[in-house]
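Visitor: The opening residue of the sequence shown carries number 63 in the working numbering; numbering runs sequentially from there. Glycine included, each C-beta is placed from N, C-alpha and C at the ideal position. One structure, pasted below without further comment.
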Amino acid sequence: MPKTRVYELAKRLKISTRELMDELEELGVSVKSHMSMLDEETVNIIASLYEEEKKETKIVKISEKKRPKKEEEKEIIVDEEEKRKKSEEAERALEESSKKVVYLDPEELKLNILAEKIKVPLSKIIKDHFMRGIILRPAQAVNLEEAREIATQYGWNVELKEEIVSDPLEALKANYEKLYNDESKLVQRPPVVTVMGHVDHGKTTLLDRVRKTAVAEKEIGGITQSIGAYHVEIKGKRITFIDTPGHEAFTEMRARGAQATDIVVLVVAADDGVMPQTIEAFNHAKTANVPIIVAINKIDKPNANVDVTKQQLASKLGLVPEDWGGDTIVVPISAKMGKGIDELLEMILLVAEMSEIRCIPEGNARGVIIESELDKGVGPLATAIIKDGILRAGDYVVAGSTHGKVRALRNEMGKKIKMASPSDPVQIIGFEEVPDMHEILYVVDNLDQAREISAFVKEKQKKERMVKGKRHVRLEEFMRISGEGERKTLNLIIKSDSFGAVEALKQAVAKLETEEVHIEIVHSGIGPVNSSDVMLAAASDAVIIGYKVKTDSQARSQA
Numbered sequence: 063m064p065k066t067r068v069y070e071l072a073k074r075l076k077i078s079t080r081e082l083m084d085e086l087e088e089l090g091v092s093v094k095s096h097m098s099m100l101d102e103e104t105v106n107i108i109a110s111l112y113e114e115e116k117k118e119t120k121i122v123k124i125s126e127k128k129r130p131k132k133e134e135e136k137e138i139i140v141d142e143e144e145k146r147k148k149s150e151e152a153e154r155a156l157e158e159s160s161k162k163v164v165y166l167d168p169e170e171l172k173l174n175i176l177a178e179k180i181k182v183p184l185s186k187i188i189k190d191h192f193m194r195g196i197i198l199r200p201a202q203a204v205n206l207e208e209a210r211e212i213a214t215q216y217g218w219n220v221e222l223k224e225e226i227v228s229d230p231l232e233a234l235k236a237n238y239e240k241l242y243n244d245e246s247k248l249v250q251r252p253p254v255v256t257v258m259g260h261v262d263h264g265k266t267t268l269l270d271r272v273r274k275t276a277v278a279e280k281e282i283g284g285i286t287q288s289i290g291a292y293h294v295e296i297k298g299k300r301i302t303f304i305d306t307p308g309h310e311a312f313t314e315m316r317a318r319g320a321q322a323t324d325i326v327v328l329v330v331a332a333d334d335g336v337m338p339q340t341i342e343a344f345n346h347a348k349t350a351n352v353p354i355i356v357a358i359n360k361i362d363k364p365n366a367n368v369d370v371t372k373q374q375l376a377s378k379l380g381l382v383p384e385d386w387g388g389d390t391i392v393v394p395i396s397a398k399m400g401k402g403i404d405e406l407l408e409m410i411l412l413v414a415e416m417s418e419i420r421c422i423p424e425g426n427a428r429g430v431i432i433e434s435e436l437d438k439g440v441g442p443l444a445t446a447i448i449k450d451g452i453l454r455a456g457d458y459v460v461a462g463s464t465h466g467k468v469r470a471l472r473n474e475m476g477k478k479i480k481m482a483s484p485s486d487p488v489q490i491i492g493f494e495e496v497p498d499m500h501e502i503l504y505v506v507d508n509l510d511q512a513r514e515i516s517a518f519v520k521e522k523q524k525k526e527r528m529v530k531g532k533r534h535v536r537l538e539e540f541m542r543i544s545g546e547g548e549r550k551t552l553n554l555i556i557k558s559d560s561f562g563a564v565e566a567l568k569q570a571v572a573k574l575e576t577e578e579v580h581i582e583i584v585h586s587g588i589g590p591v592n593s594s595d596v597m598l599a600a601a602s603d604a605v606i607i608g609y610k611v612k613t614d615s616q617a618r619s620q621a
């Protein structure tokens, strides 16, 4: 549907752009400038309103002609003439400025090309910025924001050339959505459960008890070294578990697990209560928007206090147990003694049933990459959880910007298998490059289709990097876009050197919320900004605010 700029409509209606913008504001139509676009429906409504006004004006003028008050009539004509001249002058100025728009391809976002397009000597741009303490290089790449900032100084606007390209990946997604709309073809899928919690609170021991193996004793230093995924059968029903490590150094793995899961089991020790990593794990699960079941572990210990732990869950995390009138399932267990394990598994199956986790049982597979590496023996190796369909050896697959043909499949025990079904954890050998974690895995019909999709995604990612510079929102960028009409949400992570300072900051930012901006505090804590904070910020597109704290080197390199 064709769109019209504000100044173009004003010209058509023979009124000033300011008058039209004021009229639009009264009608509840948000526009930023004379260059803003109006859809056809809005244009038709405004045009019809002004047509009515013109008719009324004509009627008034006809009636005024019958009056013998020539002096008053003359005054009105002079005012109208003056208004018309001012309007025409304003239109000429706006029309002149509208011509000074340069349209660039993403590949043209370089300083020398920008200078050529806006007809300003490159040496002048470099000199002007040098005088302000900014050093620019002749062939320096700039993002769209920087290009606009530079061009504005010389009276130009920068816009990207719109390129209409069919997206093969979107077509693939649309096909799955179409299948999901037919509920008769959907079946119940076994739940994928992630176990999270503070280090030494008994996550691995719990998983060991569930699968009846001695994994916990084999792990070095009692800390799980990599994300493992496996499935178990309980009363004829399957549950797939993802084991995420609890140590601070493996926060990135925890983020991966939280985003690939259907249900989170948050393990909290009854003798230790809610700890910093418990809060971090909870925030990752909350960001992933999945149901949370709390397992209060180590109830066999003499100093265990289940009630105090429940009170901490309610006050620190907002997880109010069901027996306290809340809606959080809390199960006291002893992973070491095996107490409460059956009840926990029953609760997992109950939540899964209530959540109505569904899948497409047949056809081309779709899954989530939860881990990937370059193995010296087999090359690119990816671990995935299958969400829909059947993955078979020999299938052509694509995951983001990489593709391949499945040469072999392995189950969680390392044994070769011919196929993997929904909720199965599986290792895939055959990708041409190591896929990124969190990418969606798709099975496609042939190698040409796989190549087409991966090449398209790679090119799209390249253009996005060139245009945006950075992937995630910056605070100044958010402030710029927050006035563009719809209400925006600003996600924040707050770190400070004391609990009091954190609480004061939370209260202060809450007061800054307006009708245009909703503020959501994703996570807050005491101590330096670390890699865990950066990972969470990346996952939730949040801005990190640090007050009287430093940023560790690893977090700085990740940011």
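Comparing alpha-carbon positions, which option in 502, 374 and 491 lies nearest residue 438?
Guide: 491
Visitor: If you count every other CB in all the chains shown that lies within 10 Å of the CB of residue 482, and 16 or more means buried, which is it?
Guide: With 16 or more Cβ atoms within 10 Å of its Cβ, residue 482 is classed as buried.
Visitor: Out of 458, 426 and 372, state which residue places its alpha-carbon closest to the alpha-carbon of residue 448.
Guide: 426
Visitor: Residue 190 to residue 169, Cα distance in whole Å?
Guide: 25 Å
Visitor: Starting from residue 570, trace the alpha helix (DSSP H) both ways and give me its first and last residue.
Guide: 561–572
Visitor: For residue 325, verify whether its CB is less than 7 Å away from any heavy atom of the ligand SAH.
Guide: The ligand content of the structure shown is nil, which means the ligand SAH is not present either.
Visitor: Look at the alpha carbon of residue 472 and the alpha carbon of residue 374, and state the distance between them as a whole number of angstroms.
Guide: 42 Å
Visitor: Are the CB atoms of residue 382 and residue 355 nearer to each other than 8 Å?
Guide: no
Visitor: Whole angstroms is fine: what's the gap from residue 571's alpha carbon to residue 389's?
Guide: 29 Å
Visitor: How is residue 482 classed by DSSP in three states: helix, strand or coil?
Guide: strand
Visitor: Let me make sure I understand the geometry here. Which of 195, 175 and 363 has the alpha-carbon closest to that of residue 399?
Guide: Checking every option, the nearest Cα to that of residue 399 belongs to 363.
Visitor: What residues match up with residue 99 in a beta bridge as DSSP calls it?
Guide: 67
Visitor: Just how far apart, CA to CA, sit residue 199 and residue 183?
Guide: Looking at the backbone, the Cα of residue 199 and that of residue 183 are separated by about 13 Å.
Visitor: Return yes when the Cβ of residue 519 is within less than 8 Å of the Cβ of residue 463, no when it is not.
Guide: yes
Visitor: Helix, strand or coil for residue 250, going by three-state DSSP, please let me know.
Guide: strand
Visitor: At a cut of 8 Å, does the stretch 208–222 reach the stretch 171–180 through at least three beta carbon pairs?
Guide: yes
Visitor: If you draw a straight line from the alpha carbon of residue 592 to that of residue 466, how long is it in whole angstroms?
Guide: 36 Å
Visitor: Using 8 Å as the threshold, is the C-beta distance between residue 104 and residue 91 below it?
Guide: yes
Visitor: What are the boundary residues of the alpha helix (DSSP H) that includes residue 341?
Guide: 338–350
Visitor: How would you label residue 99, buried or exposed, when you count the other beta carbons within 10 angstroms and need 16 or more for buried?
Guide: exposed
Visitor: Taking the CB atoms as reference points, tell me whether residue 566 and residue 503 lie closer together than 8 Å.
Guide: no
Visitor: Are residue 623 and residue 553 closer than 8 Å when you measure CB to CB?
Guide: There is no way to answer for residue 623, as the model of the chain reaches only from 63 to 621.
Visitor: For residue 409, count the other beta carbons within 10 Å of its own beta carbon; 16 or more makes it buried, fewer makes it exposed. Which is it?
Guide: A residue is called buried when at least 16 other Cβ atoms come within 10 angstroms of its Cβ; residue 409 meets this threshold and is buried.
Visitor: Please classify residue 501 as buried or exposed, where buried requires at least 16 neighbouring CB atoms within 10 angstroms.
Guide: By the neighbour-count rule (16 or more Cβ atoms within 10 Å), residue 501 is buried.
Visitor: Figure out for me which residue from 207, 212, 600 and 193 has the closest Cα to the Cα of residue 178.
Guide: It is 212 whose Cα lies nearest to the Cα of residue 178.
Visitor: Relative to the alpha-carbon of residue 585, which residue among 600, 267 and 71 has its alpha-carbon at the smallest distance?
Guide: 600
Visitor: Rounded to the nearest angstrom, how far is the Cβ of residue 414 from that of residue 230, given a contact under 8 Å?
Guide: With a Cβ gap of about 33 Å, residue 414 and residue 230 do not count as contacting.
Visitor: How would you label residue 416, buried or exposed, when you count the other beta carbons within 10 angstroms and need 16 or more for buried?
Guide: exposed
Visitor: DSSP on residue 191, reduced to helix/strand/coil?
Guide: In the structure shown, residue 191 sits in a helix (DSSP, three-state: H, G or I).
Visitor: Could you work out which residue in 175, 192 and 484 is closest to residue 420 when comparing CA atoms only?
Guide: Answer by Cα proximity: 484.
Visitor: Buried or exposed, going by whether 16 or more other CB atoms sit within 10 Å of the CB of residue 303?
Guide: buried
Visitor: Do you know how far the Cα of residue 376 is from the Cα of residue 345?
Guide: C-alpha separation (whole angstroms): 14 Å.
Visitor: May I ask you to report which of helix, strand or coil DSSP gives residue 121?
Guide: Note on residue 121: pLDDT 43, under 50, position unreliable in the model; no value is reported.
Visitor: Just list the residues that DSSP pairs residue 409 with in beta bridges.
Guide: DSSP lists no partner for residue 409.
Visitor: Only counting runs of 3 or more residues, tell me where the beta strand (DSSP E) segments fall wholly within the stretch 419–505, in order along the chain.
Guide: DSSP runs (the beta strand (DSSP E)) wholly in the stretch 419–505: 428–437, 441–450, 458–461, 464–472 and 487–493.
Visitor: Which two residues bound the contiguous alpha helix (DSSP H) that contains residue 216?
Guide: First-last for residue 216: undefined, no H or E at that position.
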